[in-house]
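A.B. asks:
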Amino acid sequence: MKKKFKFTTTNLKSLPCNPIDSPSTELEFSDTDVTGLKCLSGKTGSKRFLLRYQINGKKTSIAIGRFPDVDLSTARKIARQYKAEVAQGSDPKKARELSQKMPTIGDFFNNTYLPLAQKRKRTWKDDVQRFSYHCNSISFLRYDELTANHVMQIQLSMNTATKHRNAYAPATCNRVIALLKTMGKLASQLLDIPNVAERVALLPEDNARTRYCDVRETKQIIHAALSYHCKSSGSFIALLFLMRCRESELRLRKWADIDLDNKVMRIPRTKNGSYHIVYLSELMIDILNNIPKVTNNPYVFPGQKIGKPIYRPYYAFEVIKQRANVDTPDEVVFHTARHSVASNLISNGMDISSVQKLLNHRSIESTLRYAKLSEGKQRETSQRLSNLITDYNPLDNSK
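Note that UniProt numbering has the sequence shown beginning at 1, numbered continuously upward.
Rendered as structure tokens:
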């Protein structure tokens, strides 16, 4: 039988099996219509298509599929596509191998990005939540299939209200896009693919919180907190408005972190990754001494679960704000306490550098935000300038 002829479905079906005693595994037949297209017949009668080609001076081949699962017209179409790639200098076999090794975006997040984030970021759980909540639509894509449009659609979806939810705030949208940008940077280094997320601009953030509690409101909140029936929750909220800590930095403290003899509280690792010491005032120490200790619970603010701290006491905070007659209570959140401590200190004359150290800010720019919150301080500065030039009045023609 001829080994080279124009393939038809009929003659492919009638191809003989490779003899059992043949030293070769398969008989090879060549198509005269598409140069390089082969059909190989095995000893059991199975048949498969492949394309033989030469690239960079080397002979190689790439499998197309089994006949008749892949019909003749499809096999020829695929073979022609491969030949076109070869003509342009691309090796389809290597491209396929790379494609098969390319992880999905979900696999890359779980197996590559996340293990690194767990070692480097305290907030890695936030990344898990952001990815699982907002990136399901791209999770099963191969990473090299991701486009800037995919990323843009996630941003648009989050920033658009639906029947079931309001639009997410720009800052929330930006955290998700920033995560994809960071993942994309890592993928570009490891997988040699472009970081398409970089092409999507972040949304302008106009939802920065400017609310802070002045000294009067702070006193009222602390007084209401200390009279709250749950000592653990009330003491936590009172100290939050005294200590300038972030919510989790205070809530997760253990008694082992408190040194009452030296009047300090140690935070082994803050948000910026550094060790920090909070110096305790007499009022802070009095509050700490009045918190009941729970057997087998190492936390300063024990929760209802054995050996666990309290969860964020949202309900208690709402009650305390109501009892303290706080204006615009919805604008006062746990982090407002940190704003308030900083702004009140600056308003009462403490220099920016000292406040920076108290808040454990790496950058002075972060501290300067709180200076902007204090209307009284801005008015005072404006008045000082007027006082400096009070002797010079360009509208007074008598001088």
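Idealized CB from N, CA, C, for every residue including glycine.
Could you tell me which residues DSSP pairs with residue 104 in its beta bridges?
C.D. replies: Against the sequence shown, residue 104 aligns to sequence position 104. DSSP, once it has assigned bridges, lists 142 as partnering residue 104.
A.B. asks: Would you call residue 335 buried or exposed, if buried means 16 or more other Cβ atoms sit within 10 Å of its Cβ?
C.D. replies: One-based indexing of the sequence shown puts residue 335 at position 335. When all chains shown are included, residue 335 counts as exposed.
A.B. asks: If you draw a straight line from the C-alpha of residue 382 to the C-alpha of residue 220, how long is it?
C.D. replies: As a first step, residue 382 must be located in the sequence shown, where it is residue number 382. As a first step, residue 220 must be located in the sequence shown, where it is residue number 220. Note that residue 382 has pLDDT 48, beneath the 50 cutoff, so the model's placement of it is unreliable and the number below is only indicative. Answer to the nearest angstrom: the Cα atoms are 29 Å apart.
A.B. asks: Which same chain residues, not among the five before or five after residue 268, have their C-beta less than 7 Å away from its C-beta?
C.D. replies: The residue given as residue 268 occupies position 268 in the sequence shown. Same-chain partners within the cutoff: 275.
A.B. asks: Between residue 283 and residue 226, what straight-line distance do the alpha-carbon atoms span, to the nearest angstrom?
C.D. replies: Counting from one through the sequence shown, the residue named residue 283 turns up at place 283. Counting from one through the sequence shown, the residue named residue 226 turns up at place 226. About 12 Å.
A.B. asks: Taking the beta strand (DSSP E) that residue 31 belongs to, which residues open and close that run?
C.D. replies: In the sequence shown, the residue the question calls residue 31 occupies position 31. From DSSP, the beta strand (DSSP E) with residue 31 extends over 26-31.
A.B. asks: Less than 7 Å between C-beta atoms, sequence neighbours within five positions excluded: which residues of the same chain meet that for residue 402?
C.D. replies: An answer regarding residue 402 cannot be provided, because it is not within the stretch 1 to 399 covered by the chain.
A.B. asks: Hey, out of 181, 318, 281, whose CA is closest to residue 331's CA?
C.D. replies: Position 331 of the sequence shown, counted from the start, is the residue given in the question as residue 331. Measuring from the Cα of residue 331, the nearest candidate turns out to be 318.
A.B. asks: Assign residue 259 to one of two classes, buried (16 or more other C-beta atoms within 10 Å of its C-beta) or exposed (fewer than that).
C.D. replies: Working through the sequence shown from its first residue, we reach residue 259 at position 259. Exposed, because fewer than 16 other Cβ atoms sit within 10 Å of the Cβ of residue 259.
A.B. asks: Cα separation between residue 373 and residue 213?
C.D. replies: Sequence index remark: in the sequence shown, residue 373 carries index 373 (1-based). Sequence index remark: in the sequence shown, residue 213 carries index 213 (1-based). Bear in mind that the predicted position of residue 373 carries a pLDDT of just 49, short of 50, making it unreliable; the figure below should be weighed with that in mind. Their Cα atoms are separated by approximately 10 Å.
A.B. asks: Do you know offhand how far residue 62's Cα is from residue 177's?
C.D. replies: Locating residue 62 in the sequence shown gives position 62, where the first residue counts as 1. Locating residue 177 in the sequence shown gives position 177, where the first residue counts as 1. Cα-Cα distance, rounded: 39 Å.
A.B. asks: Rounding to the nearest angstrom, what Cα-Cα distance links residue 296 and residue 302 in this structure?
C.D. replies: Working through the sequence shown from its first residue, we reach residue 296 at position 296. Working through the sequence shown from its first residue, we reach residue 302 at position 302. Cα to Cα, the separation comes out at about 10 Å.
A.B. asks: Alpha carbon to alpha carbon, how far is residue 175 from residue 108?
C.D. replies: Taking the sequence shown and counting its residues from 1, the one referred to as residue 175 is at position 175. Taking the sequence shown and counting its residues from 1, the one referred to as residue 108 is at position 108. Going by the C-alpha atoms only, they are around 19 Å apart.
A.B. asks: What residue does the beta strand (DSSP E) around residue 424 start on, and which one ends it?
C.D. replies: The first residue shown for the chain is 1 and the last is 399, placing residue 424 beyond what the model contains.
A.B. asks: Identify whether residue 283 lies in helix, strand or coil by the three-state DSSP scheme.
C.D. replies: Here residue 283 is taken as the residue at index 283 of the sequence shown, counted from 1. Residue 283 falls in the helix class under three-state DSSP.
A.B. asks: Between which two residues does the beta strand (DSSP E) harbouring residue 264 extend?
C.D. replies: The residue labelled residue 264 in the question sits at position 264 within the sequence shown. That run of the beta strand (DSSP E) goes 264-267.
A.B. asks: Rounded to the nearest angstrom, how far is the Cβ of residue 143 from that of residue 193, given a contact under 8 Å?
C.D. replies: Counting from 1 along the sequence shown, the entry for residue 143 is found at position 143. Counting from 1 along the sequence shown, the entry for residue 193 is found at position 193. Right, their Cβ atoms sit about 6 Å apart.
A.B. asks: Can you give me the C-alpha to C-alpha distance between residue 389 and residue 248, rounded to a whole angstrom?
C.D. replies: On the sequence shown, residue 389 is found 389 positions in, with the first residue counted as 1. On the sequence shown, residue 248 is found 248 positions in, with the first residue counted as 1. Because residue 389 sits at a pLDDT of 49, beneath the cut-off of 50, its placement in the model cannot be relied upon, and the following sentence gives the value as read from the coordinates. So the two alpha carbons sit approximately 48 Å from each other.
A.B. asks: For residue 92, I'd like the list of residues in its chain whose CB is within less than 6 Å of its CB, leaving aside the five on either flank, ordered along the chain.
C.D. replies: Residue 92 sits at position 92 when you count from the first residue of the sequence shown. Same-chain partners within the cutoff: 62, 82, 85.
A.B. asks: Name the DSSP bridge partner or partners of residue 309?
C.D. replies: If you number the sequence shown from 1, residue 309 lands on position 309. Paired residues: 302.
A.B. asks: Figure out for me which residue from 117, 239, 60, 55 has the closest Cα to the Cα of residue 90.
C.D. replies: Counting from one through the sequence shown, the residue named residue 90 turns up at place 90. For the residues 117, 239, 60, 55, the minimum Cα distance to residue 90 belongs to 55.
A.B. asks: Mapping the DSSP letters down to three states, classify residue 63 as helix, strand or coil.
C.D. replies: Within the sequence shown, numbered from 1, the residue matching residue 63 stands at position 63. Residue 63: strand per DSSP, three-state reduction.
A.B. asks: My output table needs one value for residue 45: the three-state DSSP class, helix, strand or coil.
C.D. replies: Sequence index remark: in the sequence shown, residue 45 carries index 45 (1-based). Coil.
A.B. asks: So residue 25 packs on residue 42, CB below 8 Å; how close in whole Å?
C.D. replies: In the sequence shown, counting from the first residue as 1, residue 25 sits at position 25. In the sequence shown, counting from the first residue as 1, residue 42 sits at position 42. Contact holds; Cβ gap of about 7 Å.
A.B. asks: Are there 16 or more other CB atoms within 10 angstroms of the CB of residue 129, so buried, or fewer, so exposed?
C.D. replies: As a position in the sequence shown, residue 129 is number 129, starting the count at 1. Exposed.
A.B. asks: Among 277, 265, 217, which residue has its Cα nearest to the Cα of residue 343?
C.D. replies: Locating residue 343 in the sequence shown gives position 343, where the first residue counts as 1. Residue 217 is the option with its Cα nearest to residue 343.
A.B. asks: Give the secondary structure of residue 325 by DSSP, where H, G and I count as helix, E and B as strand, and everything else as coil.
C.D. replies: The residue given as residue 325 occupies position 325 in the sequence shown. In this structure, residue 325 counts as coil in the three-state DSSP scheme.
A.B. asks: Would you say residue 183 touches the ligand NAD, meaning its beta carbon is less than 7 Å from a heavy atom?
C.D. replies: Inclusion of the ligand NAD in the displayed structure is not the case, the ligand content being empty and no account of it being possible.
A.B. asks: Determine contact between the segment 111-124 and the segment 166-175, defined as no fewer than three beta-carbon pairs at a distance below 8 Å.
C.D. replies: The segment 111-124 is not in contact with the segment 166-175.
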